[in-house]
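Residue numbering for the sequence shown follows the UniProt record's numbering, beginning at 1 and increasing consecutively.
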Amino acid sequence: MKGTIQRRSQQSTQVAPSQQASAQETPLESILTEFRTLQYQPVGMLSANFNSAVEALWGNRTRSFLTALGIFIGVAAVIAALTLTQGASASITNQLSSLGTAVIVYPGSSNQKAGSTGQGSGNILTLRDAQSLNGLPHLVAVSPYLMTSDQVIYGSQNWNTQVEGVNTQVETIGNWKLAQGTWFSEDDDAQGTPVAVLGDTTAHSLFDASGTNPIGQQIRIRDQNFRVVGVLAPQGGLGQDDVIFVPFKTMEIRLRNSTTIDQIQAQADSPSSVEQLKQEIETTIRQNHHIKDSSDDSFTVMTFTQVLQSFNQSLSVMTALFVGIAAISLTVGGIGIMNIMLVSVTERTWEIGIRMSIGAKRRDIRNQFLMEALVLCLVGGLIGLILGLLIGWVITYLAKLPFVVTAETLLIPFAVSSAIALVFGIYPAIRASRLDPIVAIRTDA
Numbered sequence: 001m002k003g004t005i006q007r008r009s010q011q012s013t014q015v016a017p018s019q020q021a022s023a024q025e026t027p028l029e030s031i032l033t034e035f036r037t038l039q040y041q042p043v044g045m046l047s048a049n050f051n052s053a054v055e056a057l058w059g060n061r062t063r064s065f066l067t068a069l070g071i072f073i074g075v076a077a078v079i080a081a082l083t084l085t086q087g088a089s090a091s092i093t094n095q096l097s098s099l100g101t102a103v104i105v106y107p108g109s110s111n112q113k114a115g116s117t118g119q120g121s122g123n124i125l126t127l128r129d130a131q132s133l134n135g136l137p138h139l140v141a142v143s144p145y146l147m148t149s150d151q152v153i154y155g156s157q158n159w160n161t162q163v164e165g166v167n168t169q170v171e172t173i174g175n176w177k178l179a180q181g182t183w184f185s186e187d188d189d190a191q192g193t194p195v196a197v198l199g200d201t202t203a204h205s206l207f208d209a210s211g212t213n214p215i216g217q218q219i220r221i222r223d224q225n226f227r228v229v230g231v232l233a234p235q236g237g238l239g240q241d242d243v244i245f246v247p248f249k250t251m252e253i254r255l256r257n258s259t260t261i262d263q264i265q266a267q268a269d270s271p272s273s274v275e276q277l278k279q280e281i282e283t284t285i286r287q288n289h290h291i292k293d294s295s296d297d298s299f300t301v302m303t304f305t306q307v308l309q310s311f312n313q314s315l316s317v318m319t320a321l322f323v324g325i326a327a328i329s330l331t332v333g334g335i336g337i338m339n340i341m342l343v344s345v346t347e348r349t350w351e352i353g354i355r356m357s358i359g360a361k362r363r364d365i366r367n368q369f370l371m372e373a374l375v376l377c378l379v380g381g382l383i384g385l386i387l388g389l390l391i392g393w394v395i396t397y398l399a400k401l402p403f404v405v406t407a408e409t410l411l412i413p414f415a416v417s418s419a420i421a422l423v424f425g426i427y428p429a430i431r432a433s434r435l436d437p438i439v440a441i442r443t444d445a
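So, in structure tokens, the structure goes:
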């Protein structure tokens, strides 16, 4: 018994030097030790696969960067499109919310049959139509509109903008605020006085170069001189500040000699009265045009809630178009991912054979290459997110739109990147896992 114990003691003392020598293991021995240790530890295997993926991608970093190029360009395009459309939507929504009690009347009917123009009325609106709305219940303000696009000149500066002939009630309907000066008066409108109120964008475009205060200055629209009496505070949005308001009579006399008008805008006394006012306007104009059946209407009456719904529908189509274009880039990037992973499988056949021969299962090999594709796509998605947000911020800043970032905007790059990694990385990963370990070891990497 003593002899047996002594022999076991000697054997145990002889193991110690071999354990000390483990510090000098070769890379292959290190891999073997790693797999023996982590074989039954899922978290450890995930960590090992991640580290292996990072090492493999970093070892070919130039190739990895070029492969991820299609991913982050596509993601950046999607994010930039989302920030632009979300900014535009937020801006328009804010503006229309402030105009929630407004009603707008257009010539022409959206449901009119082809060739039908009502009972002799025609698809027109007149000043009489606008004037006939005065006195309607729940009506706070109403204005006719005449509009034209013209070049405006001050000194050596010129600017193409929208010129709108309106009455004094537009200030209330549009919730306009003056930055300086005053709005033109009812006497100016009645006498056709050549005065103008400039939008913020128009004022900056004409007067910033000279540093002149616009109030009291003479500007020229076509061959007509107008005196600037007011400058509006910025409203924001897509071109809303790029406008000049002149009295309706002035527009009619000096810029557009017309017997018809382009539209009518009215305002209800409360949001709950908007639909009722809309119906009253429809009834009044039908009487003016001698229309008995609503299907023969020669005009369209809309609330700004309907305008907002129409805008959101158009915005959804535009967003889908942008995302579809970006999806082409993402598809090309995904094909690049699959191609580079197939090349990686070919280059590392010997390594795959060694790992499988020491006990790595097929799912381990598959997961390892899927991890590489996932890391590559997620890195591309992160770069694309940063680039897309930067582009979106620049575009919204230049367009004077709010910069809107939602949780959806932040999650989309990672969801898209993960989907691309799974779709385009699964084939190379399965191909690697199905290699014959004996044939793979014989291959000289």
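Beta carbons: idealized from backbone N, C-alpha and C, even for Gly.
Just so you know, these numbers come straight off a predicted model, no measurement behind them.
Under 7 Å between C-beta atoms of residue i and residue j
i: Pro234; j: Asp189; result: no
i: Ser433; j: Ile365; result: yes
i: Thr172; j: Ala196; result: no
i: Gly199; j: Val229; result: no
i: Ala179; j: Leu376; result: no
i: Leu387; j: Ala76; result: yes
i: Gly324; j: Ile71; result: no
i: Ala421; j: Ala373; result: yes
i: Gln86; j: Val345; result: no
i: Gly381; j: Pro428; result: no
i: Ile244; j: Thr161; result: yes
DSSP three-state assignment for residue i, whether helix, strand or coil
i: Gln217; result: coil
i: Tyr40; result: Unreliable positioning characterises Tyr40 in this predicted model, as indicated by a pLDDT of 46, which lies under 50. The coordinate reading is nonetheless provided below. Coil, per DSSP.
i: Gly181; result: strand
i: Gln20; result: Here Gln20 scores only 44 on pLDDT, less than 50, and its place in the model should not be relied on; the value that follows carries that caveat. Three-state result, Gln20: helix.
i: Leu330; result: helix
i: Pro437; result: helix
i: Phe245; result: strand
i: Pro137; result: coil
i: Thr148; result: strand
i: Ile104; result: strand
i: Ile92; result: helix
i: Ile153; result: strand
i: Gly120; result: Confidence is the limiting factor: at Gly120 the pLDDT is only 41, short of 50, which leaves the residue's position unreliable and the question unanswerable from this model.
i: Val343; result: helix
i: Val404; result: coil
Spatially closest choice to residue i from the options, by CA coordinates
i: Asp296; options: Thr303, Gln287, Met302; result: Gln287
i: Leu133; options: Asn123, Pro144, Ile124; result: Pro144
i: Gln217; options: Met356, Asp187, Tyr154; result: Tyr154
i: Ile438; options: Leu330, Leu69, Gly353, Val152; result: Gly353
i: Arg227; options: Asp242, Thr250, Pro413; result: Thr250
i: Asp241; options: Ile92, Pro271, Gly388, Pro428; result: Ile92
i: Glu252; options: Gly70, Val163, Val243; result: Val163
i: Ser357; options: Leu435, Val54, Ile291; result: Leu435
i: Asp150; options: Leu57, Trp393, Arg256; result: Arg256
i: Ile261; options: Phe403, Ala102, Pro107, Tyr427; result: Pro107
i: Arg362; options: Trp393, Phe424, Ile430, Glu347; result: Ile430
i: Gln279; options: Ser298, Ile291, Met302; result: Met302
i: Ser273; options: Ser294, Val54, Leu125, Leu139; result: Leu139
i: Pro214; options: Arg222, Asp223, Thr202, Leu422; result: Thr202
i: Val78; options: Thr319, Asn339, Leu401; result: Thr319
i: Ala327; options: Ser417, Phe245, Phe403; result: Ser417
i: residue 447; options: Gly336, Thr409, Ala268, Leu330; result: A query on residue 447 cannot be resolved here, the shown segment of the chain reaching from 1 to 445 and no further.
i: Thr406; options: Ala90, Ile73, Gly74; result: Ala90
Residue environment, residue i, which counts as buried when at least 16 other CB atoms sit within 10 Å
i: Ala419; result: exposed
i: Arg254; result: buried
i: residue 466; result: One cannot answer for residue 466 here, as it falls past the ends of the chain, which runs 1 to 445.
i: Ser314; result: exposed
i: Arg63; result: exposed
i: Ser270; result: exposed
i: Ala130; result: buried
i: Glu351; result: buried
i: Ser109; result: buried
i: Ser210; result: exposed
i: Ile281; result: buried
i: Gln191; result: exposed
i: Gly425; result: buried
Element boundaries [alpha helix (DSSP H), containing residue i]
i: Arg227; result: Segment 224-232 is the beta strand (DSSP E) holding Arg227; no alpha helix (DSSP H) there.
i: Met356; result: 349-357
i: Lys176; result: Note that residue 176 corresponds to Trp in the displayed sequence, not to Lys. Per DSSP, Trp176 belongs to no alpha helix (DSSP H) and is neither H nor E.
i: Thr201; result: 200-207
i: Ala130; result: 127-131
i: Gln265; result: Counting along the chain, Gln265 falls outside any alpha helix (DSSP H), though it belongs to the beta strand (DSSP E) covering 263-268.
i: Ala190; result: 186-191
i: Ile391; result: 362-398
Extent of the continuous beta strand (DSSP E) run through residue i
i: Thr300; result: 299-303
i: Asn160; result: 157-166
i: Leu422; result: Segment 407-433 is the alpha helix (DSSP H) holding Leu422; no beta strand (DSSP E) there.
i: Val274; result: Element bounds for Val274: not the beta strand (DSSP E) but the alpha helix (DSSP H), 274-288.
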